[in-house]
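As C-alpha cells, the structure follows; a few thoughts come after it.
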Amino acid sequence: MIWPAGTPNAITIPSIPNDPQLIGTPEEPASDPHRDGCVIDMDISKVGYMLVFLTWRGLYLYRPKPLCPVIVYIRSKASIEKYGENVNVLLRPDSQLLVVTTSKDCILTYSVVFNFSSRELGVFTYSDNSPLFIYEGQTISTAFPGPGEAIGIRELLIQFKMVIRLDSGISCAIALDHDLLVLTKNPPAIQLVKWNSSQEPNSRTMTILLSQLDWLPLPPTSSDSTSKYLPVHNYWSKAMGLFSWTISDGSVWAVTMAESKRRGSVESASSDSRNGLFTGHCFHYSTKREDFAVMSAINARFSLIAVGCRSGYVHLYNVKDYSGNVPQVKVLEPPSSSSGTVTSISCSGDGYGWVVGYENGWAFYSVFGMLNAMSFLSSKDQVQNEPWLGGVTSTIWSFSGDAIYMIPKVNNTIWMLDVLKWNSAGNFTQDNITRPVLYKDSKIMIYRGQEQSDLTTIDKDALLWLTVPIPASYIAENWPIKYVSCSADGMYIAVAGLRGLTHYSLYSGHWKQFIEEEVEREFSVRGGMVWYGNILIIAVDTETSHELQLYSRETDLDSHSLLYAEELNAAVLTLFLIGDSIMVYTTANQLLQFKIYIQDNNVSLEIVEDISFMGIIHSPARVRSISCLPRHDIRRVPFSITESNVLLLVDGMLILLIPRGSDDGEMKYKYKVLHHNIEYYALSFGRGNLKNMIWAFDGQSAILWVNGVADNNDDDIGPVHVPLELYPLTMMSDKGIIMGIDCDAVLTRNSSFTYFKQWTSAQLFGPYVLEVYLSSEDKGKALSIASGFRHLNYFGHILEILLYRVLDKAGSSKKTDETDPVTQQSNKLLANVVALISHFPQMLDVVVGCTRKTEVKYWKKLFDIIGSPQLLFEKCIERNKLTTAGGYLLVLHTLEQHEQNFENTSRLLKLAYDAHNWDLCKELSRFITATDPTGETLRKTLKEAGINVETRSSMPSTA
1 MIWPAGTPNA ITIPSIPNDP QLIGTPEEPA SDPHRDGCVI DMDISKVGYM LVFLTWRGLY
61 LYRPKPLCPV IVYIRSKASI EKYGENVNVL LRPDSQLLVV TTSKDCILTY SVVFNFSSRE
121 LGVFTYSDNS PLFIYEGQTI STAFPGPGEA IGIRELLIQF KMVIRLDSGI SCAIALDHDL
181 LVLTKNPPAI QLVKWNSSQE PNSRTMTILL SQLDWLPLPP TSSDSTSKYL PVHNYWSKAM
241 GLFSWTISDG SVWAVTMAES KRRGSVESAS SDSRNGLFTG HCFHYSTKRE DFAVMSAINA
301 RFSLIAVGCR SGYVHLYNVK DYSGNVPQVK VLEPPSSSSG TVTSISCSGD GYGWVVGYEN
361 GWAFYSVFGM LNAMSFLSSK DQVQNEPWLG GVTSTIWSFS GDAIYMIPKV NNTIWMLDVL
421 KWNSAGNFTQ DNITRPVLYK DSKIMIYRGQ EQSDLTTIDK DALLWLTVPI PASYIAENWP
481 IKYVSCSADG MYIAVAGLRG LTHYSLYSGH WKQFIEEEVE REFSVRGGMV WYGNILIIAV
541 DTETSHELQL YSRETDLDSH SLLYAEELNA AVLTLFLIGD SIMVYTTANQ LLQFKIYIQD
601 NNVSLEIVED ISFMGIIHSP ARVRSISCLP RHDIRRVPFS ITESNVLLLV DGMLILLIPR
661 GSDDGEMKYK YKVLHHNIEY YALSFGRGNL KNMIWAFDGQ SAILWVNGVA DNNDDDIGPV
721 HVPLELYPLT MMSDKGIIMG IDCDAVLTRN SSFTYFKQWT SAQLFGPYVL EVYLSSEDKG
781 KALSIASGFR HLNYFGHILE ILLYRVLDKA GSSKKTDETD PVTQQSNKLL ANVVALISHF
841 PQMLDVVVGC TRKTEVKYWK KLFDIIGSPQ LLFEKCIERN KLTTAGGYLL VLHTLEQHEQ
901 NFENTSRLLK LAYDAHNWDL CKELSRFITA TDPTGETLRK TLKEAGINVE TRSSMPSTA
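Counted from 1, the sequence shown has number 277 at position 277 by full-length UniProt numbering; the numbering is strictly sequential.
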C-alpha cells in the first residue's frame, strides 16, 4: 500500500532564451515566455532512465536519479506553423523512440540514444576527488551519491526522424512494442504505424475502420455516421494484453488484439482479416450523467479496470475473462462534493494503490477503495500558495513506485511527491504483516508497538516507529528497493534492491553489506526473502540459474558467507515459512516444500514434497500469495502439504483448496471461494480461543474467520466483518486490536507549506467477534473469548462497545411488534450480551458508559433486561463505586420520578463528602442545581446528608 509522505519537490523546467543555436537552425524560434514553462504532458521510461516533459514547443529530457534536465529540444517557429503545437508525448516501451502529436494532427518522431558505454563518461558523475574531512581518524567524503545516483548523469542524445501527417485527425494514441496505435476522428479508425521506417510505405501503415467492426455497434442517434462515436481515451496493459477504450458516448470497452499482431508478425492483410485483429466488449455504459465515463486505467496485478466519470465517481471492474465477463466490483465515491470531474487515474507499479486526480484536488486509494489521503481538506489560501493541492491535469508514477509526478491545473511547475510503501505489498510473508515496515528510497520505518504496553500501543501520539537510514553506499548503486523482510521477532531487517542485499540488526544497530561488490552484482533477489531465526532465506536469479540461498546474520557478507544454495528449475514467485519448512511457489505452477536442517553450524535444505497446480491455477503470475494451513500442530508433528489446506489470493479472490486425496498421483482439491475483492490476508496465530485466525481486508472492512477455515468446519460461524476507518497493517490478537495507518495533510503555524504525516491508530475487533458468537447462541465460546481479553486495561471499553452496538440495533429497529421474528432475535441477542457482561466486574461501569452514548428512548429496553437501575445503584454503593453510582442517578431521575431519587442523591452526596471525592460532590451539586435552579433542593439535600453549609469554606475550591 502507499501513502504520501512529506512535502513534494517542485520541478521548474529551465527557461530557454531565443537563441537559434539551441536548435541548430537559422530560423528564429517562436517566443512566448508565459507558455514556455507550462508543462502540458509527460511520460517516463519503463526502465527508469528518462523522464520527458512536454511544453507547447519544447521537449525536456530529465534523468530521475538525480533529478535534473539533460537535454532540451526546442522546435522552431517554422515547425510550429507547419505542423502545429505539441499536444501529447509518448515513449516507445524500449525508450529508444519518442513520439509527439501536434495540434495539426501530425506525428513527430525522435530517436533517443543512451550513453552507457562507460561509467567514466557522462554529463556528470560523482568523483572520488570530492572534498573530504577527517572525523575520529576516518576520512569521510562530503559528496556522496543519493539513492540511484552512483551511475551519475548519463548522456542522452535526441534526433528528429520523421513527420507523419494524418488528415483524418488524431483522437488518442498508444505506443506499442512494434507499432504506434492511433485512433483517428474522421473517419473513426484504427491506424497502426510500424516503428521500423525502413519497410515499404504500403506495409508500414494499417488502417481499420471502426464502422467495420461488428462488435462495435453504432448508436441509434448517430444514424449512418460515426463522427460522434469515437474513442476519446485509450489505455493499454501489456501484462494483460488488453486495451480499455473510452468512447465519446460515455461507454467503456475492453478490447483485445490478436496475438500475432502483438508479436508484430502481421505485415499486411485483407480487409476482412484486419477486422478480426481486434475484438471488444462493452462493460460500462449508463445514461446517467454521473456515470458518464471520461477515462479509464488498468491494474494488471489484480485484473481490474478503473473507470473515471464526470461526476468524480470511479467504478472498479474485474476482468474475469476476455469474452465480456467484466462485472463491477465497487464504486469509489469522490472524497468531496466539490471534487469535479476525474482528470487522471494512475495505478502504482505493485498494483496496491490508485492515485485519482480531479479538477479540484486528488486522492490516494487502496486497490479496492480505502481512501488513504486527499488534498480536499486544504484551505483556499493553501491551494493558492500550493497549486498541487488544488487539482491536477495529469499524474504519472516513477518507475520505482516511490514517487508520483503531478501536473497542476494552474502553475508552470511539476510537483514530485514521495510516497511510503509497505513491505508486505512487495514481499508478502506472514512475518512482514505481523511486523510491518514502511520504506522510502533511502530509509525504513520499523513498527515497535508489539513490545509496548496495551495502552501505549493504542496511543495515537506514542512513538511506535523506529526510523533507520539505508546505507547510502548500497542504495546509491542498487536503487530502487524491491524487497524488505522483517524477522518474526522484529530484530532483523533485510533490504534488497536492484542487485544483492543488505541487512540490519536492532541488537547491534549496524548494517551488513557485501564486502566484494562483484559478488553483490552476481545475483538479484526475485521471489522474496524470509527470516528463519537469524538465517536469511532468499530466492534469487543469477545469470545462469534460479536458486534459494541462505545467509547468516552473524557472519559477514562475502564470497564465503553463503551457507547453502539450492538450485530450482523455475523462477520463484513467492515463498513462506511454516514451522521448520520453507514453502516455495514457482512460475512452473509448483509448490515445493523444503525441510530446514541445522546441525553443527551446518545449514541445509531437503526437498520433502511438491505439488503441481496445473488445471487449478491457470496463470501463476496472477497469484498474489499462497499459504498452507496444516490440520495439526506443526510444532509437534512434521506436516505434509498434500494433507494441508491451501489458501490462495488470485485477482482479489481468497480461495481455499481442501485436499480430497490423489488419483493416479494427481492431487484433487475441493475449490471454495471464501471472499471476493480481497487486497491481502494474514494468518494470526494467537493464544487461547483466537489461535489460527485468518483475517483479510477488502478495502472497507477486516474480515475474520475464527477457528473455522483452518479446521475445515463448514458449520462454524461465518466470517466476522469489522468496519475500518484506516488502512490495516497488522492484527494483534492478544491485544484485541487492528493497527493501521492514517495520513493527514498538516500545515503548521511556523511553515508556509503543507506536508503529509502518518499517524498510527488502532481499532478494536473483539466486540464484533463476540457479537457474532452470541448471535449464533454459542455463549460458552463467547465467554471464553471475552475472558481472553480481560487482562487488557481497556477490556471494559470492549464490553461497552459490544453493548452499545447491540442496543443501538435493537432500539433503532422500525419494527415494534414484539412477536416479529427480527425483533425477537434482536431482543434475544441483547439478553445474551447482558448475560455475558454480567460475568465480569466491569459490568456496572459498562452499563453506565453505554447509557451516556445511547439515546434516552433506548434505556427502558436495556433496563427491562438488566433489571432495576435502583438495584444497580445499590450495588455501586456496596462496592464503593461512587462515581459509577452517580451515573445511575441520571438514569433513575430520567426513568423513575419518585421521592426515593432525593434520598439516593442525599446518600451519595454524603458518601462522596466523607470520602473527600470533591469532583463527585461538584458534579452532584451541578446535577441538583440543574433540576432546581432556585437552590432550594440543593439546600435540602445538603441538610438531609448532614452537611453543614457553613463548613463549605473549609472545602477545596473544586467542590
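The C-beta atom is built at its ideal place from N, Cα and C for all residues, glycine as well.
Enumerate, from N- to C-terminal direction, the unbroken beta strand (DSSP E) stretches of 3 or more residues contained entirely within the stretch 730-801.
737-746, 755-764
For M445 and D402, I'd like the C-alpha separation in whole angstroms.
Translated into the one-based positions of the sequence shown, residue 445 becomes position 445. Translated into the one-based positions of the sequence shown, residue 402 becomes position 402. Cα to Cα, the separation comes out at about 15 Å.
Inter-stretch contact (C-beta, 8 Å, three-pair minimum) for the stretch 652-672 and the stretch 331-338
no
Do you know offhand how far L802's Cα is from K330's?
Position 802 of the sequence shown, counted from the start, is the residue given in the question as residue 802. Position 330 of the sequence shown, counted from the start, is the residue given in the question as residue 330. Rounded to whole angstroms, L802 to K330 spans 29 Å at the Cα level.
On the criterion of 16 or more Cβ atoms from any shown chain inside 10 Å, does E520 qualify as buried, or is it exposed?
Here residue 520 refers to the residue found at position 520 when the sequence shown is read from its first residue. Counting Cβ neighbours within 10 Å, E520 comes out buried, since at least 16 surround it.
Between the stretch 617-626 and the stretch 580-589, can you find at least three pairs of beta-carbon atoms closer than 8 Å?
yes
Does the beta-carbon of T221 have 16 or more other beta-carbons within 10 angstroms, so that it is buried, or is it exposed?
For this step, residue 221 is matched to residue 221 along the sequence shown. Low confidence applies here, because T221 scores a pLDDT of 46, under 50, leaving its location unreliable and the question unanswered by this model.
Rounded to a whole number of angstroms, what is the C-alpha to C-alpha distance between V100 and S559?
Stepping through the sequence shown from its first residue, residue 100 is reached at position 100. Stepping through the sequence shown from its first residue, residue 559 is reached at position 559. So the alpha carbons of these two residues sit roughly 49 Å apart.
Excluding five sequence neighbours on each side, which residues of the same chain lie with their C-beta closer than 7 Å to the C-beta of residue 985?
Look at the range of the chain in this structure, 1 to 959, and you will see that residue 985 is not part of it.
Taking G811 and K853 to be in contact with their CB atoms under 8 Å, please state how far apart those CB atoms are, rounded to whole angstroms.
In the sequence shown, counting from the first residue as 1, residue 811 sits at position 811. In the sequence shown, counting from the first residue as 1, residue 853 sits at position 853. That pair is no contact at about 12 Å.
Among S508, L575, M693, F514, whose alpha-carbon lies nearest the alpha-carbon of R499?
In the sequence shown, the residue the question calls residue 499 occupies position 499. When only C-alpha atoms are compared, the closest one is F514.
Could you tell me the distance, in whole angstroms, from the CA atom of T542 to the CA atom of F144?
The residue you call residue 542 lines up with position 542 of the sequence shown. The residue you call residue 144 lines up with position 144 of the sequence shown. Each residue's alpha carbon lies about 29 Å from the other.
Could you tell me the alpha carbon to alpha carbon distance between A189 and R165, rounded to whole angstroms?
As a working note, residue 189 is residue 189 in the sequence shown. As a working note, residue 165 is residue 165 in the sequence shown. Taking the straight line from one Cα to the other gives about 15 Å.
Output the boundary residues of the beta strand (DSSP E) element that contains A496.
If you number the sequence shown from 1, residue 496 lands on position 496. Per DSSP, A496 belongs to the beta strand (DSSP E) from 492-496.
In this structure, does DSSP put L871 in helix, strand or coil?
As a first step, residue 871 must be located in the sequence shown, where it is residue number 871. It is helical.
Do the stretch 792-807 and the stretch 766-775 make contact, defined as three or more Cβ pairs closer than 8 Å?
Judged by Cβ distances under 8 Å, the stretch 792-807 makes contact with the stretch 766-775, as three or more pairs qualify.
Could you tell me the alpha carbon to alpha carbon distance between S366 and L726, rounded to whole angstroms?
Working through the sequence shown from its first residue, we reach residue 366 at position 366. Working through the sequence shown from its first residue, we reach residue 726 at position 726. Computed Cα separation, rounded: 11 Å.
Fully enclosed by the stretch 467-529, which alpha helix (DSSP H) runs are 4 residues long or longer?
Qualifying alpha helix (DSSP H) stretches, in chain order: 472-478, 517-520.
Cα-Cα, which of S237, N9, F594 is closest to A300?
One-based indexing of the sequence shown puts residue 300 at position 300. Minimum Cα distance to A300 is reached at S237.
At a cut-off of 7 Å, would you count T894 as near the ligand FAD, judging by its Cβ distance to the nearest heavy atom?
Absence of the ligand FAD is noted for the structure shown, with no ligands found whatsoever.
Could you tell me which residues DSSP puts in a beta bridge with S552?
Position 552 of the sequence shown, counting from 1, holds the residue named residue 552. For S552, which the question treats as bridged, DSSP gives the partners I535.
Can you list, in chain order, the residues of its chain with a C-beta nearer than 7 Å to that of I16? Leave out the 5 residues immediately preceding and following it.
Working through the sequence shown from its first residue, we reach residue 16 at position 16. Result list for I16: L22, D36, G58, V72, I74, in chain order.
First through last residue of the alpha helix (DSSP H) which encompasses S925
For the purposes of this step, residue 925 is taken as residue 925 along the sequence shown, with counting starting at 1. Start and end: 918-931.
Through-space distance from S424 to E518, alpha-carbon basis
Walking along the sequence shown from the start, residue 518 turns up at place 518. Walking along the sequence shown from the start, residue 424 turns up at place 424. Those two C-alpha atoms are separated by around 29 Å.
What is the residue span of the alpha helix (DSSP H) that F863 lies within?
On the sequence shown, residue 863 is found 863 positions in, with the first residue counted as 1. Run containing F863: 859-866, per the alpha helix (DSSP H) assignment.
When burial is assigned at 16 or more other CB atoms within 10 Å of the CB, is R289 buried or exposed?
Taking the sequence shown and counting its residues from 1, the one referred to as residue 289 is at position 289. By the 10 Å Cβ count, R289 comes out exposed.
How about I658 and Q593: do their beta carbons lie closer than 8 Å?
By one-based count along the sequence shown, residue 658 stands at place 658. By one-based count along the sequence shown, residue 593 stands at place 593. For I658 and Q593, no; Cβs fall outside 8 Å.
Between the stretch 406-421 and the stretch 436-444, do at least 3 Cβ pairs fall closer than 8 Å?
yes
Check H315 in the structure and name its three-state DSSP category.
Counting from one through the sequence shown, the residue named residue 315 turns up at place 315. Residue state, collapsed to three classes: strand.
Secondary structure at H893, three-state DSSP: helix, strand or coil?
Working through the sequence shown from its first residue, we reach residue 893 at position 893. Helix at H893.
With H, G and I counted as helix, E and B as strand and the rest as coil, what does DSSP make of N9?
To locate residue 9, count along the sequence shown from 1; it is residue 9. Strand.
Which residue comes first and which comes last in the beta strand (DSSP E) that contains M406?
By 1-based counting over the sequence shown, the position of residue 406 is 406. From DSSP, the beta strand (DSSP E) with M406 extends over 403-408.
Can you tell me whether C38 is helix, strand or coil according to DSSP?
The count along the sequence shown starts at 1 and reaches residue 38 at position 38. Coil at C38, not helix or strand.
Contact set for S524: own chain, Cβ-Cβ below 6 Å, skip 5 residues either direction:
Taking the sequence shown and counting its residues from 1, the one referred to as residue 524 is at position 524. R499, D541, listed in sequence order.
Limits of the alpha helix (DSSP H) - the one that G652 falls within:
On the sequence shown, residue 652 is found 652 positions in, with the first residue counted as 1. Here G652 belongs to no alpha helix (DSSP H), and DSSP marks it neither H nor E.
Rounded to the nearest angstrom, what separates K922 and A835 at their Cα positions?
Sequence index remark: in the sequence shown, residue 922 carries index 922 (1-based). Sequence index remark: in the sequence shown, residue 835 carries index 835 (1-based). Each residue's Cα considered, the two are about 34 Å apart.
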